[in-house]
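Enquirer: One structure is given below, represented as structure tokens, and several questions about it will come after.
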Amino acid sequence: MSAAIEIHDVHFRYGDGIPALRGVSFSVGEGECVGLIGPNGAGKSTLLLHLNGLLPHDRDHSHHGHAHHHARGSHHHHDDELHGSVSVGGVQISPDTLHEVRRKVGLLFQDPNDQLFCPTVFEDVAFGPQQFGLSDAEVRDRVTRALFQVGLAGFEQRAPHHLSVGEKRRACLASVLACDPAILVLDEPSSSLDPAGRRELISLLRAIPLAKLIATHDLDFVVELCSRVVVLDRGALVAEGRTVDVLSNEELMLRHKLERPHVLQRLHPH
Amino acid sequence: MQHDFLDHYSRMQSPVHRLPAPLKLIAALAIVVSLLWVPVGEWVWLEAAAVLLLAVIGLAGLPWGFVIRRLLFLESFVVGVAVMALFQPDGWRIFLFLIGKCTLCLMAMVLLANTTPFTELLRVLKAAHVPGLLVTTLSLMYRYIFVLLDEGQRMRRARLSRTFTRRQSRSWRMRAAMVGQLFIRSSERAERIYGAMCARGWR
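Residue numbers (this note's numbering), protein chains in the order written: chain A, 1 to 270; chain B, 271 to 473.
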């Protein structure tokens, strides 16, 4: 069975020399929902950006990987450095496959204001499909469907700055869904949502049958949505397993500046 | 969102608001261009244009106070340029004429901007095959001016809540730092927006 996302031995170092990712490997299966957790600065966002090829590539050896880098022995340049391989739906990310990969991966950004960059909701949701060269009628159809799917039917002509945070988040989700992705990648989807908005988002995401990778600090959110979690700390993968097993491991959680979510404390009283 | 003041009046109801956007854009441009053609001293044309514009503003139901405040604000730029005319013979006459001309041009633009939603104008520009890059830039500007204002306001509040002095020099230094900070935040945001655009297939 082919994995939706296959990450193998990914290293990344920012231009200032600080390693952000140090040999991360894991995979997300078809239709699986995986939580990506870890303290601030663990490299979660960096990893998610990489899934969309948004980190600067070193064109020469990005597709040859780690080994080639050693062969050249170039340890001293000051640009961002990226090694290892990431494949999405069986396609390995490289400058040549970038557009194919971006079409497959729907990336939901942390700040909805970064993602809603058009003057109206319609134009924003239509942006992706238009870039893919669909006809006007198809675009309109996609937008209508996507907005309906997230419960924002009738919001077409609204301006993004007049939406509530929850509505903005859902509009972002619509703009991602309109691209018809094979995988959803979400960066802190529940941040700054009120409890009702958070509940809505959970049921919305549950209803979407795609493979999902969710980076978040909201551990209760993870318990509700994800069957498996991956724990990242200081750029390295430190634990991986079934959500309940990993999150109820108090000692592991505390060691990586996390905590056992309240839901699980109720489930497994000591 | 309190920044509605930027384009609040463009969504009112009036005969002028209901006119098709392309017509309004063409009319406004025509007025501006013909005003620029009027030779110095031909006050009749300016008077005619003034009567026309004032009538349309009245018909559109824009509050006079708002229009005057907008004009006064923009006038500072006009004066800055027109001052150059004072350095030539008969400078005062040219100066006044330039001010009159520019004020009327600005009035036409204020009228256009406040009777036509900006998104409509963008659509007209796109349909008129104005270079895509320009339209994209304008639409991004319109989208993020609100975010920027919000950010500026949050920073202002954060500063005020920790300001315990009335010393003006310090306040100016703080203001300069704030502008710099806003610039850095904006440029970082621009990078994230570019990422978001790429993520959805932008080339």
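Where is the CB? At the ideal position from N, CA and C, for every residue including glycine.
All figures in this text were calculated on a predicted structure; none of them were measured in a lab.
Kindly list the residues whose CB is nearer than 6 Å to the CB of R169 of chain A, restricted to its own chain and excluding five residues on each side of it in sequence; keep chain order.
Expert: Cβ neighbours of R169 of chain A beyond the five flanking positions: P112.
Enquirer: Run through DSSP, which three-state label would E30 of chain A get?
Expert: In the structure shown, E30 of chain A sits in coil (DSSP, three-state: anything other than H, G, I, E or B).
Enquirer: How big is the Cα-Cα spacing for N40 of chain A and A236 of chain A?
Expert: Whole-angstrom Cα-Cα distance: 13 Å.
Enquirer: How do the segment 245 to 265 of chain A and the segment 219 to 229 of chain A stand: do at least 3 beta-carbon pairs fall below 8 Å, yes or no?
Expert: Because the criterion of three Cβ pairs below 8 Å is met, the segment 245 to 265 of chain A and the segment 219 to 229 of chain A touch.
Enquirer: Taking 9 Å as the CB-CB cut-off, is T144 of chain A touching chain B?
Expert: No - not a single Cβ of chain B is within 9 Å of the one on T144 of chain A.
Enquirer: Specify whether the segment 186 to 200 of chain A and the segment 122 to 130 of chain A touch according to this definition: at least 3 beta carbon pairs, one from each stretch, less than 8 Å apart.
Expert: Not touching, per the Cβ criterion.
Enquirer: Just reading off the alpha helix (DSSP H) that I202 of chain A is part of, what are its end residues?
Expert: Element bounds for I202 of chain A: 195 to 206.
Enquirer: Write down the C-beta distance between V165 of chain A and L107 of chain A rounded to the nearest angstrom, noting that I regard them as a contact closer than 8 Å.
Expert: At roughly 19 Å, the Cβ-Cβ gap does not stay under 8 Å, so V165 of chain A and L107 of chain A are not in contact.
Enquirer: If the cut is a Cβ gap below 7 Å, which residues of chain B does D114 of chain A touch?
Expert: Under the 7 Å cutoff, chain B gives R459, R462, I463, A466.
Enquirer: Flag H63 of chain A as yes if its beta-carbon sits less than 9 Å from any beta-carbon of chain B, otherwise no.
Expert: Its pLDDT being 41, under 50, H63 of chain A is placed unreliably by the model, and the measurement read from it follows with that caveat. It does not; no Cβ of chain B falls within 9 Å.
Enquirer: What residues from the segment 399 to 422 of chain B come within 7 Å of chain A, judged by C-beta to C-beta, listed N to C?
Expert: Listed by position along the chain: S409, L410, Y412, R413, F416, V417.
Enquirer: So, is the C-beta of N40 of chain A closer than 9 Å to a C-beta in chain B?
Expert: Not one chain B Cβ lies under 9 Å of N40 of chain A.
Enquirer: Can the beta-carbon of L36 of chain A be found closer than 9 Å to that of T216 of chain A?
Expert: Taking 9 Å as the Cβ cut-off, L36 of chain A and T216 of chain A qualify as a contacting pair.
Enquirer: Under 8 Å from any heavy atom of the ligand GTP, does the C-beta of M379 of chain B make it?
Expert: Within the structure as shown, the ligand GTP is missing, as the structure has no ligands at all.
Enquirer: Using DSSP with H/G/I as helix, E/B as strand and the rest coil, what is D60 of chain A?
Expert: Since pLDDT at D60 of chain A reaches only 39, below the 50 mark, its modelled position is unreliable, and no value is offered.
Enquirer: Give the DSSP-derived three-state secondary structure of A4 of chain A in the structure shown.
Expert: Coil at A4 of chain A, not helix or strand.
Enquirer: Would you say I18 of chain A lies against chain B (beta-carbon separation less than 9 Å)?
Expert: Not closer than 9 Å to any Cβ of chain B, the Cβ of I18 of chain A fails to qualify, so no.
Enquirer: When you compare the segment 132 to 152 of chain A with the segment 87 to 98 of chain A, are there three or more beta-carbon pairs, one atom per stretch, that lie closer than 8 Å?
Expert: No: fewer than three Cβ pairs fall under 8 Å.
Enquirer: Do you know offhand how far H162 of chain A's Cα is from D277 of chain B's?
Expert: The straight-line gap from Cα to Cα measures roughly 13 Å.
Enquirer: Please name the residue in B:G471, B:R432, B:E461, B:L316 whose C-alpha comes closest to that of P181 of chain A.
Expert: Of the candidates B:G471, B:R432, B:E461, B:L316, the one whose C-alpha sits nearest the C-alpha of P181 of chain A is B:G471.
Enquirer: Do you know how far the Cα of L419 of chain B is from the Cα of S346 of chain B?
Expert: Whole-angstrom Cα-Cα distance: 22 Å.
Enquirer: C372 of chain B and V400 of chain B: beta carbons closer than 9 Å?
Expert: Cβ atoms of C372 of chain B and V400 of chain B: not closer than 9 Å.
Enquirer: Leaving out five residues on either side along the sequence, give the residues of the same chain with a beta carbon under 8 Å from the beta carbon of K104 of chain A.
Expert: Hits under 8 Å: V88, G89, V91, P181, A182, I183.
Enquirer: Could you give the DSSP three-state label for L410 of chain B: helix, strand or coil?
Expert: Helix, per DSSP.
Enquirer: Quick one: is R206 of chain A buried, meaning 16 or more other Cβ sit within 10 Å of its Cβ, or exposed?
Expert: Exposed, by the Cβ-count rule.
Enquirer: Does T373 of chain B have its Cβ less than 9 Å from a Cβ in chain E?
Expert: Chain labels in this structure do not include chain E; the protein chains are A and B.
Enquirer: Between the segment 243 to 256 of chain A and the segment 362 to 372 of chain B, do at least 3 Cβ pairs fall closer than 8 Å?
Expert: No, the segment 243 to 256 of chain A is not in contact with the segment 362 to 372 of chain B.
Enquirer: Helix, strand or coil: which one does DSSP assign to I301 of chain B?
Expert: In the structure shown, I301 of chain B sits in a helix (DSSP, three-state: H, G or I).
Enquirer: L356 of chain B versus chain A: which residues are under 7 Å apart at the beta carbon?
Expert: None at all; the shortest Cβ gap to chain A is about 41 Å.
Enquirer: Which residue or residues does DSSP assign as beta-bridge partners of H83 of chain A?
Expert: H83 of chain A is bridged to A:H11.
Enquirer: Measuring alpha carbon to alpha carbon, tell me which residue in B:W334, B:I296, B:M444, B:Y279 is nearest A398 of chain B.
Expert: Nearest option by C-alpha distance: B:I296.
Enquirer: Start and end of the beta strand (DSSP E) containing K212 of chain A?
Expert: Here the beta strand (DSSP E) through K212 of chain A covers 211 to 215.
Enquirer: Count the other CB atoms, across all protein chains shown, that sit within 10 Å of the CB of I18 of chain A; report buried if there are 16 or more and exposed otherwise.
Expert: So I18 of chain A ends up on the exposed side.
Enquirer: In the structure shown, what three-state DSSP assignment does V229 of chain A receive?
Expert: Here V229 of chain A sits in strand by DSSP.
Enquirer: Would you mind working out which of A:R22, A:L247, A:E250 sits nearest H83 of chain A, comparing C-alpha positions?
Expert: Nearest C-alpha to H83 of chain A: A:R22.
Enquirer: Since R470 of chain B meets chain A, which of its residues come closer than 8 Å, beta carbon to beta carbon?
Expert: Ordered by position in chain A, the residues that pass the 8 Å Cβ test against R470 of chain B are R102, F127, G128, Q131, S175, V176, C179.
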